[in-house]
Every structure is written in structure tokens, then in C-alpha cells.
Amino acid sequence: MILLMTVLGILVFVFGLLVSIAWHELGHLSTAKIFGIRVPQYMVGFGPTIWSRRKGETEYGIKAIPAGGYIRMIGMFPPGEDGRITARSTSPWRSMIEDARSAAYEELEPGDESRLFYTRKPWKRVIVMFAGPFMNLVLALVVFFGVWMTFGVNMQTTNVKSVTPCVIQQSEKRDICKAGDPVAPAKAAGLLPGDRIVAFNGEKVDDWSVLQQKIRDTIGPATVTVQRGGAELTLHPRLIENQVAKTDGHGGYVEGKFVEAGFLGFTPRTEKVQLGFGQSVDHMGEMVEQGVQGLIKLPSKIPALWDAAFGDGPREPDSPMGIVGAARISGEIATLDIPATDRLVFFLQLIGFFNLSLFLFNMLPLLPLDGGHIAGALWESVRRNLARLFKRPDPGPFDVAKLMPVAYVVAGIFVCFTLLVLVADVVNPVKIS
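Quick note: the sequence shown, position 295, residue 1340 per our numbering, numbers continuous.
Pasting the structure below:
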């Protein structure tokens, strides 16, 4: 039964993956057709074609390897300086450029001269290339907002789960009080498990991260208003300075980092809370910020990932994970002994995370990613506007094909990184339980 549920979970993820890829490519396809660019192919996956059908001028199909997708647009790059498309050269770098240029003109038909991608205005090309990642962002927003506003999200609240009996520096990593440890301010003031803190120093609070920061900013006498047994009660603790875990600014903690701050001494209760639209927007903003920071920190995680794949190092929970790893997580979710609605929420959020990652990754201004083509179109617009401003000749389209050697290097780095993640996902996978 466990094997069956694992396979079912993996199939659910693969289906969500295919939908996400198809949705991404639909963004490119629809905007390209709106702007009159001819699109001979729309494919989900790579490798051998397992199904295809031609409708109008476009062939729609599914390929064997569900690791991406593409649409083929005519004339992605302008002709060379000599006006020729398929000129050859013995230089390997020049050959890369010319191969990319000739591929952009495959299936060229009479009448296509006015339907080439590079002939469209830069702002139209930006829209076409941005539409794919944007579709992933839209799907992520729909999934996350739907989950948060319907099922809720686990959040630390201002409800008291437990009260710390004594003052312990958190770097000591112990829970048992020793002789001589002073009594924690919360316990001394009479705070009890089950209390709900509704105000701090006379200011109403209903958000844990806000309350946490107020406590850390306070050393000395304070007032804490709590709801207990249907009535409000005001306590008068005297907060002290203590060594506590550094926060990430959103109520969470930074592992292994400590700061000196005000200390009250209680643990907040984690509860499932339904978010409103405004709260969902704020929460999404935090996720995007964390995603950007994750991309920036990605190179620094490669040594630990290598050690986890080929050495004896542990696989960190926030380690980079590929499609295989995500599929394994999906299979693991399916076997968890939790309510079906919670499993559904896990699946949906996994797809949401995948689409958000696709959006952020594709927006990197590097070829062959969508962001690289966007950067090329924006640079062309800047060049042409500057030429117009200073009454100089029009420099013409920016030849993105000249950057193909760089694109091959970037693609090579991505392939090596993908293989490293694949090995780690197989031999030392991230686990959620």
C-alpha cells in the first residue's frame, strides 16, 4: 500500500509539472501569435516526441522527458552583418553563433519575412519572453492564495503554548534549569499556558512577529494584557536582557545566530490561520523575498551539496532540490498518516513552490533563459532611443546571437549543477519526515 501511495504521489507531481510547463509555454505562444510571430512548434518536454498534432500552422506535442518545454519561433535572431543567415566559419565560437542563427530560420516559408521575432519592437519581444515566467507567477499566486485563504497556513500566534521556567541563554541549547538560574520574567509575572496576549505596553497586538519585536526592544518594566477565561488581565513583568536566537524578520529564527535582546520567556502556539487577501499579499511578498535570497545564496550551497552527494555530509533541509527530489517529496507526502486535506495542501504548495522557482529562475538576465532575451530587447531599446536622442543612425536590432558562446557556457554550468542535484536527490534526498 505504501508503494502504491508513493507511486501515486509521484504521478501527481509529474502531472502538476507538465501542467506548469504547458502553462509557461502557453504564455509565450499566445503573445507571439497576438503579435503575428509565426510559431511552428509548441512542445511540452524534451527528447523523442510521443504525441503531436498540427493545428493551423503550429504543431502541438508532448515529448518523452518532462523536464521542460519550448516553442519554436521563426527569426529569433537577426541575420548576420553580411545579411546572410547560414554563413559558415572555422572558428568554434563563430560556429556557435551561426548555428544558433540558422536554427532560428528553420522552416522559413514565403511570407515569413514580416513575421520574424526579431522584427517586432523591443517592447513586444519583452512581453513575449516575459509572458512565460509570468504565467508561472500567476499559477503560483492562484495556488498559494487559494490554500492560504481556504485551508489556512501554520503560523505562530500570540497564544501562549508554554512558559519558560528560568532564564537560559539559547546558545547553551538546554531546556533544564540549573541551580542559580533566575526565574523567567513571564513566569514571575504569572503568565500561563493558554493565555492569549492581546496588548503589550498598552498597544494592541495580534501578530506574533510584531509582538516578538516589541519584546526584544524592551528591557525593564512592561505591561502585558492577556485574555484568560473570557476576561482580560494585565500582567507586569520586568523584562531582562538575554542571549536569544536571531530572527529573520518574519517571526522565524536564523539557525546558529544569536543576539542580545529583551527576554520575556514563553513559547508561542503554532496554529492554522486563514489569511485575508491583504495578509496573503504580504505573505507572498515574504516568499518572493526569500526566493530571491535563495537564488543569491545558491552558489554558496554547492560545497555542502557536493559533500552530501559524494561525501558523508548531511543533506540540509534548505538544500537545492531538483525534479527528482521534488517527485520523491511528493511520493513521501502521499504516504503520510495525515488527513487527506493536509496531503492536498502539501501537494498544492509543492506545485506552487515549483512555479515560483520557475518564475524567479527564468527572470535571471542570462541566456538561454527568458531573462536573457528580455535583457537583449531592453538593451536594443536603450541603444535605439539614445541614437534617436543624439540624432545618430539607427544601430538596428541587437544581435543576441553574438552572445550564444556565453549562453553555452551558462547552459553548461546549469547542466553540471542539475546533474549534481540529481545525484544528491538520488543518494541523499531531502526528507520531510
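Idealized CB from N, CA, C, for every residue including glycine.
Sequence-distant Cβ neighbours of D1240 in its own chain, meaning closer than 6 Å and more than five residues away, are V1205, V1271, R1273. In the DSSP assignment, Q1201 falls within the unbroken beta strand (DSSP E) covering 1198-1208.
DSSP places Y1115 in the uninterrupted beta strand (DSSP E) bounded by 1103-1117. Spanning the alpha carbons of I1079 and G1072 requires a straight line of approximately 11 Å. Beta bridge pairing from DSSP links I1079 with no other residue. Under the Cβ criterion (8 Å, minimum of three pairs), the stretch 1438-1450 does not count as touching the stretch 1343-1355.
Along the length of the stretch 1329-1368, whole alpha helix (DSSP H) runs at least 4 residues long occupy 1347-1355, reported in chain order. Looking at the DSSP output, R1241 bridges to N1204, Q1272.
Assignment of T1292 by DSSP, reduced to helix, strand and coil, places it in the strand class.
Residue range 1086-1100 is occupied by the beta strand (DSSP E) that includes R1098.
Counting along the chain, T1386 sits inside no beta strand (DSSP E); it lies in the alpha helix (DSSP H) bounded by residues 1385-1407. One Cα belongs to F1443, the other to E1425, and the distance between them is close to 5 Å. The continuous stretches of alpha helix (DSSP H) do not include T1312, which lies in the beta strand (DSSP E) extending over residues 1311-1318. Partner residues in the beta bridge of R1283, as assigned by DSSP, are P1266.
Comparing C-alpha distances from V1059 to each of R1429, G1417, I1368 shows the shortest one belongs to I1368.
Distance check between A1067 and each of H1328, N1400, V1052 places N1400 closest, using alpha-carbon atoms only.
Residue pairing of K1249 in beta bridges, as defined by DSSP: A1244. In the structure shown, V1304 adopts extended strand secondary structure according to DSSP, grouped into three states.
Each of G1106, I1172, T1315 was checked against the Cα of W1096, and the nearest Cα belongs to G1106.
Bridge partners of L1278 according to DSSP: V1271. Listed in chain order, the non-local C-beta contacts of L1161 below 6 Å within the same chain comprise I1119, G1120, local neighbours out to five positions each way being set aside. Between the stretch 1384-1397 and the stretch 1160-1177 there are fewer than three inter-stretch CB-CB distances shorter than 8 Å, so the stretches are not counted as touching. Three or more Cβ pairs closer than 8 Å define a contact, and the stretch 1421-1437 falls short of that threshold against the stretch 1323-1343. Between the alpha carbons of V1460 and G1225 lies a gap of roughly 58 Å.
The DSSP-derived three-state label of V1188 is helix. Judged by DSSP in its simplified three-state form, C1222 adopts coil rather than helix or strand. Contact between the stretch 1205-1225 and the stretch 1304-1314 is present, with at least three C-beta pairs closer than 8 Å. Annotation: the continuous alpha helix (DSSP H) that includes N1430 extends over 1415-1434.
By the criterion of a C-beta distance shorter than 6 Å, F1196 is surrounded in its chain by V1390, once the five residues flanking it on both sides are discounted. With fewer than 16 other CB atoms across the displayed protein chains lying within 10 angstroms of its CB, W1168 is exposed. Where V1455 is concerned, the enclosing alpha helix (DSSP H) starts and stops at 1449-1472. Three or more beta-carbon pairs separated by less than 8 Å are not found between the stretch 1181-1192 and the stretch 1082-1101, which leaves the two stretches without contact.
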